[in-house]
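> Dropping the structure in here first, questions after.
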Amino acid sequence: MSRFRVLLAALAAVAFLSGLTLAVAPSDPPASSATVVDPREPAIRDLLDRRARAVLERDETAFTADLDPSADADFRQRQRDLFRNLAAVPLGDWEYRIEGETNLAAVRLPAADESWAPGVRLAYRLRGVDATSSTQAMAYLFTRRGDRWYLNSDTALEAVGKRTWRGPWDFGPCHVLTGTGGFVLSHPGGEALAARVLAELDTAVATVTEVWGPAWARQVAVLIPADARELQALVGPGFADGSIAGVAVADRVDPQTHTAQGQRVVLNVAGASALSPLSLRVLLRHEITHIAARGETVDGAPMWLLEGFADYVGYRGSDVPPHKAAPALAAQVRTAPPAELPSDARFRGPTMELAYQESWSLNLYLAQRLGEPGLVDMYRRIARAGRLTGPRMDALVLETAGVDVAELVRGWREFLRATFP
1385 MSRFRVLLAA LAAVAFLSGL TLAVAPSDPP ASSATVVDPR EPAIRDLLDR
1435 RARAVLERDE TAFTADLDPS ADADFRQRQR DLFRNLAAVP LGDWEYRIEG
1485 ETNLAAVRLP AADESWAPGV RLAYRLRGVD ATSSTQAMAY LFTRRGDRWY
1535 LNSDTALEAV GKRTWRGPWD FGPCHVLTGT GGFVLSHPGG EALAARVLAE
1585 LDTAVATVTE VWGPAWARQV AVLIPADARE LQALVGPGFA DGSIAGVAVA
1635 DRVDPQTHTA QGQRVVLNVA GASALSPLSL RVLLRHEITH IAARGETVDG
1685 APMWLLEGFA DYVGYRGSDV PPHKAAPALA AQVRTAPPAE LPSDARFRGP
1735 TMELAYQESW SLNLYLAQRL GEPGLVDMYR RIARAGRLTG PRMDALVLET
1785 AGVDVAELVR GWREFLRATF P
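Residues 1385 to 1805 in this note's numbering are what the sequence shown spells out, letter by letter.
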């Protein structure tokens, strides 16, 4: 979980990353010399292939041809709206994959000759942003009428805990503004914020690259949801509240290849629109730092490093005086400077703001001590290690910073006294 803070703004902006649940990609089934294919599968696979081609070829007639004519009218209309809302989205790939099936014993089924719910995953790739496709679960119910299969519903399986993933195109027409560093996707009403974000996006990507290096996509998709309902769908209910201004999310991370799928920066239109130009600039650079570093970051890595580093990049070159960037820390230094590295527990509740300010200042100190390449090397080595015990943390700090944790804290305290006289 990460938190964006800009005290020059009228409100505190909160952002989250690794607090989001990162789903694990499904494993392949064991090899078998006699794999049994459900006799219904070829027909459903053909149906899904037709719909996927229709999306990429912009053929609405083909996309809607396989909707059950007896399906709920609202569902049929939502499907037409979804297709039209996708018109401006830069899609590189769009396909459906079948994996397993759902037991329908507890599902209220429509009147039909037969119903079936194979496990369906949408695999889509945003052109210019995604190196590989992101996959999402689609809780589809299919019906057979005579010798033909149809798509009947994407909500009927909610009765057994299966939900269809919703993308931005499920919530309204998508407007896309494109720059060198990626694109900004918004809906009607979000144009003003989208234009502000696009004006900052290229320099934000360039700034993150200057620090982190070129070994990342250097293309970012920034999503601006229309409302709280869409925000919740994109970032999860735990983070979709009024305190959020921006969130960096990923669908899944491969710790072996150090790559992440489905990375997006999601903004809260209400919170982000209220930010000053400087605050929005820092927010974007903070969140894009998480995007660049996510493949190198194992869940459980110390928050003082993850969030302090993102804040360091966010504020880099902003000329914000330290006492304005970290007023709570400035007040603390005058009485009792920190005596230890900020613990993960302090990034929640009433100690959160001070923990972020301490972490920013600690990374600022490390950048001055080690240089930016040294700070980045320290991030990569410690963040890759995940959750660390005291001795292991001490060893990695010694390897990367040349001092043990106790000496690091002593040097940081001296830095704070000099920075906040």
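Yeah, the Cβ is synthetic: ideal placement off N, Cα and C, and Gly gets one too.
For residue 1802, I'd like the list of residues in its chain whose CB is within less than 6 Å of its CB, leaving aside the five on either flank, ordered along the chain.
Counting only Cβ-Cβ distances below 6 Å, and skipping sequence neighbours, we find nothing.
> Near residue 1463, what residues of its chain come up, given a Cβ to Cβ distance below 7 Å and the 5 sequence neighbours on each side ignored?
The answer, listed in chain order, is 1448 and 1451.
> In three-state terms, what does DSSP make of residue 1741?
In the structure shown, residue 1741 sits in a helix (DSSP, three-state: H, G or I).
> Along the beta strand (DSSP E) that carries residue 1519, what are the first and last residues, could you check?
Unbroken beta strand (DSSP E) run through residue 1519: 1518-1522.
> Got a sec? Which residues, its chain only, sit under 8 Å from residue 1542 by beta carbon, not counting five neighbours each side?
So the list reads 1523, once near-sequence residues are dropped.
> Taking residue 1470 as the reference, give the member of 1644, 1773 and 1571 with the closest Cα.
Selected option, being the one with the closest Cα: 1571.
> Specify, as a first and last residue, the run of the beta strand (DSSP E) that residue 1502 falls within.
Looking at the DSSP string, the run of the beta strand (DSSP E) that includes residue 1502 is 1502-1510.
> What is the residue span of the beta strand (DSSP E) that residue 1795 lies within?
Residue 1795 -> not in any beta strand (DSSP E); alpha helix (DSSP H) instead, spanning 1789-1803.
> Taking the C-alpha atoms as reference points, what is the distance between residue 1790 and residue 1692?
The straight-line gap from Cα to Cα measures roughly 19 Å.
> For residue 1442, count neighbouring C-beta atoms within 10 Å of its own C-beta (all shown protein chains included) and say buried if the count is 16 or more, exposed if not.
Residue 1442 is exposed by the Cβ-count criterion.
> Using the beta-carbon count (16 or more within 10 Å), is residue 1785 buried or exposed?
Per the 10 Å Cβ criterion, buried.
> When the distance is taken between beta carbons, is residue 1747 closer than 8 Å to residue 1696?
Yes.
> Go through the segment 1706-1782 residue by residue and report every complete run of the beta strand (DSSP E) that reaches 3 residues or more, in order.
Listed in chain order, there is nothing to give.
> Confirm, please, whether the CB-CB distance from residue 1604 to residue 1513 is below 8 Å.
Yes, the pair counts as a contact, with Cβ atoms nearer than the cut-off.
> Please report the distance separating the alpha-carbon of residue 1772 from that of residue 1525.
Spanning the two alpha carbons is a distance of roughly 45 Å.
> Counting Cβ pairs, one atom from each stretch, are 3 or more of them under 8 Å apart for the segment 1594-1604 and the segment 1666-1678?
The segment 1594-1604 vs the segment 1666-1678: in contact.
> Sorted by chain position, which residues of the same chain lie with C-beta nearer than 7 Å to residue 1427's C-beta, five sequence neighbours on each side aside?
Contacts found: 1533.
> Measuring only the C-alpha atoms, how far is residue 1495 from residue 1487?
Going from the Cα of residue 1495 to the Cα of residue 1487 covers about 17 Å.
> For my contact list, residue 1759 and residue 1750 are in at a C-beta cut-off of 8 Å; report their separation, rounded to the angstrom.
The Cβ separation is near 5 Å, so the contact holds.
> Name the residue from 1607, 1638 and 1640 whose alpha carbon lies nearest to the alpha carbon of residue 1560.
Per the Cα distances, 1607.
> Please report the residue range of the alpha helix (DSSP H) in which residue 1463 lies.
Unbroken alpha helix (DSSP H) run through residue 1463: 1457-1469.
> Short of 7 Å in beta carbon distance, which residues of its chain neighbour residue 1761, apart from the five on each side in sequence? Order them along the chain.
Counting only Cβ-Cβ distances below 7 Å, and skipping sequence neighbours, we find 1784.
> Taking 7 Å as the cut-off, is the CB of residue 1721 close to at least one heavy atom of the ligand ATP?
Among the ligands in the structure shown, none appear at all, so the ligand ATP cannot be discussed.
> Which same chain residues end up closer than 6 Å to residue 1568 when comparing Cβ atoms and leaving out the 5 residues on each side of it in sequence?
The answer, listed in chain order, is 1561, 1578, 1581, 1582 and 1606.
> Cutting at 6 Å between CB atoms, please list the residues of its own chain near residue 1844, excluding the five before and the five after it.
The first residue shown for the chain is 1385 and the last is 1805, placing residue 1844 beyond what the model contains.
> Nearest CA to the CA of residue 1741: which residue from 1722, 1752, 1753 and 1754?
Among 1722, 1752, 1753 and 1754, the Cα nearest to that of residue 1741 is on 1722.
> If we ignore side chains and look at the alpha-carbon of each, how far apart do residue 1445 and residue 1439 end up?
Looking at the two C-alpha atoms, the distance is approximately 10 Å.
> Have a look at 1519, 1530 and 1671 and flag the residue whose alpha-carbon is nearest the alpha-carbon of residue 1506.
Out of 1519, 1530 and 1671, 1519 has the C-alpha closest to the C-alpha of residue 1506.
> Could you name the residues that DSSP lists as bridge partners for residue 1480?
Paired residue(s): 1506.
> Rounded to whole angstroms, what's the CA-CA distance from residue 1593 to residue 1456? Just pull it up for me.
So the two alpha carbons sit approximately 49 Å from each other.
> In chain order, what residues of the same chain lie with their CB nearer than 6 Å to the CB of residue 1549, ignoring the 5 residues before and after it?
So the list reads 1520 and 1521, once near-sequence residues are dropped.
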